[in-house]
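Below you'll find the structure, written out as structure tokens, and then a few comments.
Numbering (the numbering used here), first residue to last: 67 to 136.
Structure (structure tokens):
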């Protein structure tokens with residue numbers, strides 16, 4: 067199943083989400099552990115619906131995020 071450039075992808079991988087947000091992959095995984103995360107677990111794989119990801123990032127924009135780091 068080849069990827070057609072005209073097809074809109076429905077999901078992204080955590081690596082792509084981290085890059086889109088400009089955060090490290092471990093930080094992104096910490097965000098995905100939140101109860102409001104749009105992540106879908108399919109076996110050991112995690113995918114995030116693109117439309118839900120965009121809504122979630124917009125909702126996070128107004129928050130001060132404390133991920134328990136240093």
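Quick reminder that beta carbons are idealized off the backbone N, C-alpha and C, glycines included.
Euclidean distance between Cα positions of residue i and residue j
i, j, result
"residue 122", "residue 110", "22 Å"
"residue 117", "residue 76", "8 Å"
"residue 114", "residue 108", "11 Å"
"residue 87", "residue 101", "18 Å"
"residue 106", "residue 112", "6 Å"
Per-residue DSSP class, three states only, for residue i
i, result
"residue 113", "strand"
"residue 123", "helix"
Burial state of residue i, where buried means 16 or more other Cβ atoms lie within 10 Å
i, result
"residue 104", "buried"
"residue 128", "exposed"
Bridge partners - residue i, DSSP secondary structure assignment
i, result
"residue 77", "115"
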